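Numbering (the numbering used here), first residue to last: 8 to 220. Quick reminder that beta carbons are idealized off the backbone N, C-alpha and C, glycines included. On a predicted model such as this, the values are computed, not experimentally measured, just so you know.
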Ligand SMILES: [Zn+2]
């Protein structure tokens with residue numbers, strides 16, 4: 008099993024400003040984000056996310072195709088406005104993810120599991136929107152650069168993603184943060200070498216050891 012903090016770092020490194028985060032603050036951004044996501048899930052524990060969406064007036068739309076842009080599969084996205092929130096699910100992509108989810112002693116997940124993971128993730132973004140409380144805006148901003156001595160502040164957008172993974176993990180009682188399946192998919196579909204993945208995990212463990220909060 009891979010620790011949540013390490014999978015959180017996998018997500019954080021996708022942030023454009025990742026390298027601007029002070030090294031000793033990396034853990035803080037991950038842990039705080041996970042905590043916000045997991046505690047938001049407490050209110051929905053034991054409930055089915057499909058019902059939760061219905062009761063909250065969040066519409067679920069299924070699209071048959073799998074959407075690919077520049078080789079990256081899109082599996083779900085959420086469209087939010089004050090009037091109506093819709094979660095779009097790309098069935099083909101989710102099916103593909105489920106079919107390529109077996110890895111290193113782990114059980115594979117079903118299409119229904121993949122669906123609930125993605126609904127939970129997008130539902131968390133809906134909660135951020137509804138409460139006007141975006142995780143990336145709650146966490147401390149960083150100052151990636153200065154212009155004429157003026158400090159320009161920026162938030163770390165990927166913190167919302169880490170929190171959404173934490174929300175899904177807690178709500179669905181998963182063993183690992185669900186972004187593990189993105190990597191398993193890449194490995195099983197031949198887009199990432201298994202050794203590369205494990206090297207990355209080891210190097211992230213080291214980064215976290217050094218970044219004590
Ligand atoms: Zn997201």
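First through last residue of the alpha helix (DSSP H) which encompasses residue i
i           : result
residue 209 : 201-217
residue 132 : 118-137
residue 24  : Segment: none, residue 24 is in no alpha helix (DSSP H) and carries neither H nor E.
residue 194 : 187-195
residue 86  : It is not in any alpha helix (DSSP H) - residue 86 instead sits in the beta strand (DSSP E) that spans 83-87.
residue 179 : 165-179
residue 160 : Looking at the DSSP string, residue 160 is not in any alpha helix (DSSP H); the run it does join, the beta strand (DSSP E), is 157-161.
residue 56  : 56-62
residue 145 : 142-145
residue 14  : 11-19
Distance, residue j Cα to residue i Cα
i           : j           : result
residue 41  : residue 48  : 11 Å
residue 53  : residue 178 : 7 Å
residue 9   : residue 155 : 44 Å
residue 130 : residue 60  : 7 Å
residue 207 : residue 216 : 14 Å
residue 13  : residue 57  : 29 Å
residue 21  : residue 168 : 10 Å
residue 43  : residue 182 : 18 Å
residue 218 : residue 31  : 4 Å
residue 66  : residue 94  : 6 Å
residue 137 : residue 162 : 19 Å
residue 34  : residue 103 : 33 Å
residue 11  : residue 55  : 23 Å
residue 195 : residue 38  : 29 Å
residue 120 : residue 23  : 30 Å
residue 84  : residue 72  : 14 Å
Cβ separation of residue i and residue j, assumed to be a contact under 8 Å, to the nearest whole Å
i           : j          : result
residue 122 : residue 96 : 7 Å
residue 82  : residue 63 : The pair is not a contact, with the Cβ atoms about 21 Å apart (cut-off 8 Å).
residue 92  : residue 86 : 7 Å
Pick from the options that is closest to residue i, judged by C-alpha positions
i           : options           : result
residue 173 : 213, 9, 15        : 15
residue 150 : 18, 45, 26, 12    : 26
residue 68  : 144, 195, 125     : 125
residue 36  : 146, 212, 46      : 146
residue 108 : 152, 38, 189, 199 : 189
residue 105 : 23, 198, 117, 205 : 117
residue 112 : 209, 202, 191     : 191
residue 193 : 159, 110, 45      : 110
Enclosing beta strand (DSSP E) for residue i [first to last residue]
i          : result
residue 97 : 92-97
residue 43 : Element bounds for residue 43: not the beta strand (DSSP E) but the alpha helix (DSSP H), 33-48.
Within-8 Å CB hit, residue i to chain D
i          : result
residue 70 : This model lacks chain D altogether; it includes just one protein chain.
Own chain residues within Cβ distance below 7 Å of residue i, not counting five before or after
i          : result
residue 18 : 165, 168, 169, 172, 186
residue 51 : 59, 178
Residue i beta carbon near ligand 3 (any heavy atom closer than 7 Å)
i          : result
residue 26 : Of the ligands one can find in the structure shown, namely ligand 1, none is ligand 3.
Close-in-space but distant-in-sequence residues of the same chain around residue i (CB under 6 Å, 5 per side omitted)
i           : result
residue 175 : 124, 127, 128, 185
residue 142 : 40, 43, 166, 167, 170
residue 199 : 193
Cutoff 8 Å; reference residue i; Cβ partners in own chain excluding five residues on either side
i          : result
residue 29 : 149
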